[in-house]
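Under the UniProt record's numbering, residue 876 is the last one in the sequence shown; the count climbs by one each step, no gaps.
All C-beta atoms, glycine included, are put in the ideal place defined by N, C-alpha and C.
As the structure is a computational prediction, the values presented were derived from the model and not from experiment.
Taking it in order: structure first as structure tokens, then the write-up.
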Amino acid sequence: MDGSGLPVTRSTCPYCGVGCGVLLQPDGQGGLNVRGDPDHPANYGRLCSKGTALGETVGLEQRLFAPRVDGRDTSWDTALQLVADRFSQTIAEHGPDSTAFYVSGQLLTEDYYVANKLMKGFVGSANIDTNSRLCMASSVAGHKRAFGTDTVPGTYEDIDEADLVVLVGSNLAWCHPVLYQRLLAARKKRGTKVVVIDPRRTASCDGADMHLALQPGSDVALFNRLLVALYDGGALDVAYIARTDGFDAALKAAWNDSSKPTGLSEAEIQAFCSLWMSTDKVVTIYSQGVNQSTSGSDKVNAILNCHLATGRIGKPGCGPFSVTGQPNAMGGREVGGLANMLACHLDLENADHRAAVRGFWGAKTVPDKPGLKAVDMFRGVGDGRIKALWIIHTNPAVSMPEADAVRDAIAACPFTVVSDITDQTDTARLADVLLPASAWAEKDGTVTNSDRTISRQRSVLPAPGQARPDWDILAEVGRRMGFAKAFDYGSEVEIFREYAALSGIAGQFGRDFDISALSDLTDTEYANLTPQRWPISATRKGGRFFANGQFFHPNGKARMLPVSWKPPAAKTTPRFPFRLNTGRVRDQWHTMTRTGLSARLSAHLAEPFVDIHPEDARSLDIKPADLVQISSPTGTAILRARITDAVPLGQVFAPMHWTGETAPAARIGAVVAAAFDPVSGQPESKAGVAAVSRFKAAWYGFAISRDDMKLDTDYWAVARTSCGVRAELAGSAPVPDWDAETRRMFNAPDAHLTSIIDAKRGRARIALHQDGALIGALFVSPTPVAVMRDYLATLPGSASADILSGRPPADAPNPGPVLCSCFGIGINTIVSAVETKGLLSVESIGEALGAGTNCGSCKPEIAEVLHKLRAKEAAE
Ligand SMILES: Nc1nc2c(c(=O)[nH]1)N[C@H]1C(S)=C(S)[C@@H](COP(=O)(O)OP(=O)(O)OC[C@H]3O[C@@H](n4cnc5c(=O)[nH]c(N)nc54)[C@H](O)[C@@H]3O)O[C@H]1N2
Ligand SMILES: Nc1nc2c(c(=O)[nH]1)N[C@H]1C(S)=C(S)[C@@H](COP(=O)(O)OP(=O)(O)OC[C@H]3O[C@@H](n4cnc5c(=O)[nH]c(N)nc54)[C@H](O)[C@@H]3O)O[C@H]1N2
Ligand code: SF4
Ligand SMILES: [Mo]
Numbered sequence: 001m002d003g004s005g006l007p008v009t010r011s012t013c014p015y016c017g018v019g020c021g022v023l024l025q026p027d028g029q030g031g032l033n034v035r036g037d038p039d040h041p042a043n044y045g046r047l048c049s050k051g052t053a054l055g056e057t058v059g060l061e062q063r064l065f066a067p068r069v070d071g072r073d074t075s076w077d078t079a080l081q082l083v084a085d086r087f088s089q090t091i092a093e094h095g096p097d098s099t100a101f102y103v104s105g106q107l108l109t110e111d112y113y114v115a116n117k118l119m120k121g122f123v124g125s126a127n128i129d130t131n132s133r134l135c136m137a138s139s140v141a142g143h144k145r146a147f148g149t150d151t152v153p154g155t156y157e158d159i160d161e162a163d164l165v166v167l168v169g170s171n172l173a174w175c176h177p178v179l180y181q182r183l184l185a186a187r188k189k190r191g192t193k194v195v196v197i198d199p200r201r202t203a204s205c206d207g208a209d210m211h212l213a214l215q216p217g218s219d220v221a222l223f224n225r226l227l228v229a230l231y232d233g234g235a236l237d238v239a240y241i242a243r244t245d246g247f248d249a250a251l252k253a254a255w256n257d258s259s260k261p262t263g264l265s266e267a268e269i270q271a272f273c274s275l276w277m278s279t280d281k282v283v284t285i286y287s288q289g290v291n292q293s294t295s296g297s298d299k300v301n302a303i304l305n306c307h308l309a310t311g312r313i314g315k316p317g318c319g320p321f322s323v324t325g326q327p328n329a330m331g332g333r334e335v336g337g338l339a340n341m342l343a344c345h346l347d348l349e350n351a352d353h354r355a356a357v358r359g360f361w362g363a364k365t366v367p368d369k370p371g372l373k374a375v376d377m378f379r380g381v382g383d384g385r386i387k388a389l390w391i392i393h394t395n396p397a398v399s400m401p402e403a404d405a406v407r408d409a410i411a412a413c414p415f416t417v418v419s420d421i422t423d424q425t426d427t428a429r430l431a432d433v434l435l436p437a438s439a440w441a442e443k444d445g446t447v448t449n450s451d452r453t454i455s456r457q458r459s460v461l462p463a464p465g466q467a468r469p470d471w472d473i474l475a476e477v478g479r480r481m482g483f484a485k486a487f488d489y490g491s492e493v494e495i496f497r498e499y500a501a502l503s504g505i506a507g508q509f510g511r512d513f514d515i516s517a518l519s520d521l522t523d524t525e526y527a528n529l530t531p532q533r534w535p536i537s538a539t540r541k542g543g544r545f546f547a548n549g550q551f552f553h554p555n556g557k558a559r560m561l562p563v564s565w566k567p568p569a570a571k572t573t574p575r576f577p578f579r580l581n582t583g584r585v586r587d588q589w590h591t592m593t594r595t596g597l598s599a600r601l602s603a604h605l606a607e608p609f610v611d612i613h614p615e616d617a618r619s620l621d622i623k624p625a626d627l628v629q630i631s632s633p634t635g636t637a638i639l640r641a642r643i644t645d646a647v648p649l650g651q652v653f654a655p656m657h658w659t660g661e662t663a664p665a666a667r668i669g670a671v672v673a674a675a676f677d678p679v680s681g682q683p684e685s686k687a688g689v690a691a692v693s694r695f696k697a698a699w700y701g702f703a704i705s706r707d708d709m710k711l712d713t714d715y716w717a718v719a720r721t722s723c724g725v726r727a728e729l730a731g732s733a734p735v736p737d738w739d740a741e742t743r744r745m746f747n748a749p750d751a752h753l754t755s756i757i758d759a760k761r762g763r764a765r766i767a768l769h770q771d772g773a774l775i776g777a778l779f780v781s782p783t784p785v786a787v788m789r790d791y792l793a794t795l796p797g798s799a800s801a802d803i804l805s806g807r808p809p810a811d812a813p814n815p816g817p818v819l820c821s822c823f824g825i826g827i828n829t830i831v832s833a834v835e836t837k838g839l840l841s842v843e844s845i846g847e848a849l850g851a852g853t854n855c856g857s858c859k860p861e862i863a864e865v866l867h868k869l870r871a872k873e874a875a876e
């Protein structure tokens with residue numbers, strides 16, 4: 001309870017792996033107030049823009065309320081009996097390996113545990129894989145090779161205490177913003193040096209001491225150079241190396257890589273190596289630029305080698321730190337959600353481990369071979385090996401590489417079940433059976449964040465319609481398949497206790513993961529569980545791993561791996577001359593089913609885009625805001641060009657977020673080939689090849705609308721606004737009658753239409769009013785439409801008689817595109833405040849306007865604006 005009299009509940013943010021604590025306060029009318037939890041050890045009250053906007057994403061407008069079979073609403077009884085029968089029948093006819101589950105690092109631990117138990121223990125196949133295969137698999141493989149288990153030794157306190165933080169393939173400022181704020185705070189206090197290793201210049205480079213724009217995929221060569229430099233410079237920790245095997249072979253492999261291309265100058269490499277060498281407290285944070293690579297596991301081991309060789313691991317302020325992407329990516333690894341793991345960090349290939357888990361579960365058999373990993377799983381769906389598929393809490397028709405082929409495979413699968421909170425996703429639209437899951441604010445359970453801290457997620461809103469928690473749906477299917485006893489769960493806590501007890505067995509095998517001290521939590525203790533870092537057993541509590549040089553290989557030592565540089569799988573050719581890099585933007589989460597509901601978040605970057613270097617743009621005759629077509633041997637996407645030297649020559653970068661729902665021509669996953677790391681099975685989503693050309697649009701359009709529009713042009717992209725939607729459009733064929741087309745698009749046959757049409761020049765400006773209020777407007781031009789978009793987006797619903805000018809009246813301010821989404825402050829407002837008030841720092845802008853003072857996620861971009869203004873002033 002707080003001053004308002006409404007109850008406050010502690011929970012966890014459902015987005016990234018930082019795992020920030022939130023205070024949730026339902027307003028009693030379906031809405032939710034969200035604040036950072038000042039007591040949570042991950043964020044101490046801070047939230048980023050996405051966390052701050054959580055309350056705007058709990059609306060029910062796109063929710064799925066009832067189970068559906070073949071598109072028709074039905075009862076749970078009918079739907080779940082069908083799922084159980086079809087899975088049982090498929091297993092009986094074609095064997096357990098003809099079925100598969102594809103799940104998610106966003107499932108709660110309890111959901112995940114039940115899914116894994118059902119597939120590995122009772123269906124009798126290891127065909128359960130997860131979107132973590134696209135995300136964390138290379139780190140898992142690298143950790144297991146080096147440490148003997150998948151142990152993340154780093155903690156958030158290490159970032160506070162480090163003197164050098166190296167970000168490798170991590171855009172921390174946008175993807176783990178609260179951790180980045182924590183790094184900036186430490187830097188302010190102790191002058192922490194920051195190095196960013198990333199082919200492109202990102203928001204994380206702003207203010208970094210060094211940005212190494214290495215050639216895509218060359219991280220192994222760079223860290224091998226570092227290992228040799230550590231040896232040459234006498235910076236090795238010989239006593240610690242005695243706790244490892246394989247140093248000589250690793251060093252030899254590193255030597256052999258000495259002349260391998262990194263794209264960096266000798267001076268840059270030397271500067272990096274000497275900074276690393278001369279700093280005792282080094283934390284290397286790495287993420288998808290490392291993992292999503294055909295040499296991802298080797299990249300991980302190249303980094304681990306350097307930390308092991310210098311003993312910079314297991315000590316405060318030191319260590320390799322693979323930051324997890326999804327809120328429960330870590331928990332999913334703990335429960336064994338990947339096709340090549342058992343549960344609780346036990347090994348599928350180990351007969352003793354299998355026997356122990358089988359006995360504990362009371363299962364008949366546990367598979368002794370890994371199941372199909374994501375790429376192979378969907379290939380198996382495509383070629384008919386998989387005949388019954390259940391997809392839970394993930395959207396593979398968008399997020400898998402070769403997404404068009406994956407979409408077609410799912411569509412053709414004889415029986416596909418999808419559990420989601422909405423029916424409006426590319427994957428949900430393909431389901432034979434669609435099951436309504438409760439969403440994060442309606443669910444109870446636990447998640448584990450990047451630094452092994454287990455936190456509670458707590459339900460504060462009622463589940464709408466018939467929606468049910470994922471574990472509950474899975475357990476009932478288990479019971480209906482004939483495994484009544486094994487899936488006899490009445491609540492989350494029963495699952496959690498069982499899982500914690502199983503981890504005790506893992507602990508007895510000497511595994512790292514052990515939370516057995518939580519196996520006898522009472523219901524009340526579970527309800528009140530505070531964030532805790534594992535291990536949590538009678539003998540171990542939250543401590544550091546590897547401080548004593550004790551590892552999890554049979555001989556107790558770590559292994560250094562000999563690793564060698566390999567180029568990305570796809571080679572650029574004259575036909576496909578560009579390297580295609582993909583990733584994330586600050587204010588969207590993956591396929592946008594939740595963040596896309598927030599107008600504030602959608603205002604930051606409202607359209608899919610591709611970043612291309614100015615010289616490449618020039619040689620391809622691409623002008624700012626042109627649409628471009630990106631093609632690869634596997635697919636095509638149309639995206640808006642942003643011309644910027646943040647990407648190097650010959651490389652393009654596109655975000656992963658847009659889908660068939662929001663911009664059907666812009667599904668970048670279709671362009672990404674499914675080449676994968678042979679060790680981890682993780683796809684190379686960051687180093688595809690592509691051809692780039694200008695999209696020959698006959699016309700471009702920009703629309704604003706109060707209601708959803710009927711969009712079916714060659715290119716369209718829609719984003720939510722505070723009063724409806726905005727859409728970018730383009731077509732390759734001329735439109736003969738814009739007035740008629742507009743009425744059709746806005747589904748407004750009777751609205752009052754005003755238009756200015758210049759057919760000769762191919763321009764049209766059309767407004768539709770109803771009862772004196774603007775319901776929509778369309779601006780068409782043969783070149784990209786130049787209107788004040790952010791201003792226009794505020795008009796639907798108002799009188800706005802003079803909208804056809806496309807700009808605000810002379811006396812109205814035009815704030816420009818939103819930079820600070822918390823306070824809705826546009827770039828023009830910031831520029832004019834800098835110019836008129838002589839503001840010199842991000843802090844002074846914050847004081848004057850408030851921008852950047854809530855979550856701070858936009859601070860790097862404000863700094864960039866300041867930087868550009870200063871450069872402009874200097875040039876004048
Ligand atoms: N805003 C936002 N935050 C998120 C998410 C989101 O969807 N939106 N998703 C969450 C999830 S699941 C994940 S996994 C994380 C991902 O977090 P990050 O890994 O930080 O994000 P990405 O943008 O995927 O990729 C990081 C960087 O890798 C770089 N890179 C590409 N190739 C190479 C290379 O060969 N070497 C190196 N060193 N770098 C390279 C890219 O240019 C990119 O800037 O973010 C999490 N946080
Ligand atoms: N090109 C390219 N592709 C990538 C990446 C990249 O960098 N580049 N990154 C990869 C990575 S790291 C990741 S993690 C993946 C992420 O990709 P996905 O996991 O496919 O993306 P999400 O949008 O997070 O999908 C989550 C789905 O779960 C639904 N959902 C939300 N809450 C619940 C719930 O409580 N229960 C259930 N059952 N459903 C729910 C959402 O509506 C949504 O449809 O993308 C991968 N794909
Ligand atoms: S950093 Fe942002 S997205 Fe990540 S957990 Fe915290 S509030 Fe959520
Ligand atoms: Mo991820």
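{"query": "Quick one: using the 10 Å Cβ neighbour count with 16 as the cut-off for buried, is Asn555 buried or exposed?", "result": "exposed"}
{"query": "Compare the Cα-Cα distances from Asp408 to each of Arg379, Pro436 and Trp390 and report the closest residue.", "result": "Arg379"}
{"query": "Cα-Cα, which of Asn291, Lys281 and Leu251 is closest to Gly217?", "result": "Asn291"}
{"query": "If we ignore side chains and look at the alpha-carbon of each, how far apart do Gly59 and Phe483 end up?", "result": "37 Å"}
{"query": "Of all the options Arg468, Pro367, Trp658 and Ala833, which has the alpha carbon lying nearest to the alpha carbon of Pro96?", "result": "Pro367"}
{"query": "How about Leu430 and Ile410: are their beta carbons less than 8 Å apart?", "result": "yes"}
{"query": "Taking Ala666 as the reference, which of Pro749, Cys48, Leu222 and Thr713 has the closest Cα?", "result": "Thr713"}
{"query": "Return the CA-CA distance between Pro664 and Thr595, expressed in angstroms with no decimal places.", "result": "18 Å"}
{"query": "Is the closest heavy atom of ligand 2 to the C-beta of Pro396 under 7 Å?", "result": "yes"}
{"query": "Does the distance between the C-beta of Ala871 and the nearest non-hydrogen atom of ligand 5 fall short of 7 Å?", "result": "With respect to ligand 5, the structure shown offers nothing to examine, as its ligands consist of ligand 1, ligand 2, ligand 3 and ligand 4."}
{"query": "Tell me the residue span of the alpha helix (DSSP H) that contains Arg744.", "result": "Trp738 to Met745"}
{"query": "Which runs of the alpha helix (DSSP H) spanning at least 4 residues fall entirely within the region 544 to 621, listed in chain order?", "result": "599 to 602 and 614 to 619"}
{"query": "Please indicate yes or no: does the CB of Asp219 lie closer than 7 Å to some heavy atom of ligand 1?", "result": "yes"}
{"query": "Within the region 457 to 504, note down every full alpha helix (DSSP H) run reaching 4 residues or more, in order along the chain.", "result": "470 to 480"}
{"query": "Hey, is the region 466 to 482 in contact with the region 137 to 144, meaning 3+ C-beta pairs nearer than 8 Å?", "result": "no"}
{"query": "Compute the minimum distance between the beta carbon of His604 and the heavy atoms of ligand 2, and state whether it is under 7 Å.", "result": "no"}
{"query": "For the beta strand (DSSP E) that contains Trp276, what are its first and last residues?", "result": "Taken as a continuous stretch (DSSP letters only), Trp276 belongs to no beta strand (DSSP E), being part of the alpha helix (DSSP H) at Glu266 to Met277."}
{"query": "Taking contact to mean at least 3 C-beta pairs separated by less than 8 Å, is the region 340 to 355 in contact with the region 318 to 326?", "result": "no"}
{"query": "Please state whether the Cβ-Cβ distance between Leu620 and Ile630 is less than 8 Å.", "result": "no"}
{"query": "What would DSSP say about Asn33, mapped onto helix, strand or coil?", "result": "strand"}
{"query": "Nearer than 7 Å: is that true of the beta carbon of Asp470 relative to any heavy atom of ligand 2?", "result": "yes"}
{"query": "Inspect the beta-carbon positions of Lys193 and Leu264 and report whether they are closer than 8 Å.", "result": "no"}
{"query": "Please list the terminal residues of the continuous beta strand (DSSP E) segment that includes Phe779.", "result": "Ala773 to Ser781"}
{"query": "Which residue comes first and which comes last in the alpha helix (DSSP H) that contains Gln81?", "result": "Trp76 to His94"}
{"query": "So which residues put a beta carbon under 5 Å from any heavy atom of ligand 4, going in chain order?", "result": "Cys135 and Gly325"}
{"query": "Inspect the CB distances between the region 563 to 574 and the region 250 to 268 and report whether three or more fall short of 8 Å.", "result": "yes"}
{"query": "Assign Lys224 to one of two classes, buried (16 or more other C-beta atoms within 10 Å of its C-beta) or exposed (fewer than that).", "result": "Note that residue 224 is Asn in the sequence shown here, rather than Lys. Asn224 is buried by the Cβ-count criterion."}
{"query": "Could I get the ranges of all uninterrupted alpha helix (DSSP H) runs contained in the region 278 to 313, with 4 residues as the minimum, in chain order?", "result": "288 to 291 and 296 to 309"}
{"query": "If you drop the 5 nearest sequence neighbours on each side, which residues of the same chain put their C-beta closer than 7 Å to that of Ala646?", "result": "Arg200, Arg201 and Asp611"}
{"query": "Is Tyr15 helix, strand or coil when you go by DSSP?", "result": "coil"}
{"query": "Taking 8 Å as the cut-off, decide whether the C-beta atoms of Asp677 and Ala339 are in contact.", "result": "no"}
{"query": "Give a yes or no on contact between the region 119 to 137 and the region 266 to 285, applying the rule of three or more CB pairs nearer than 8 Å.", "result": "no"}
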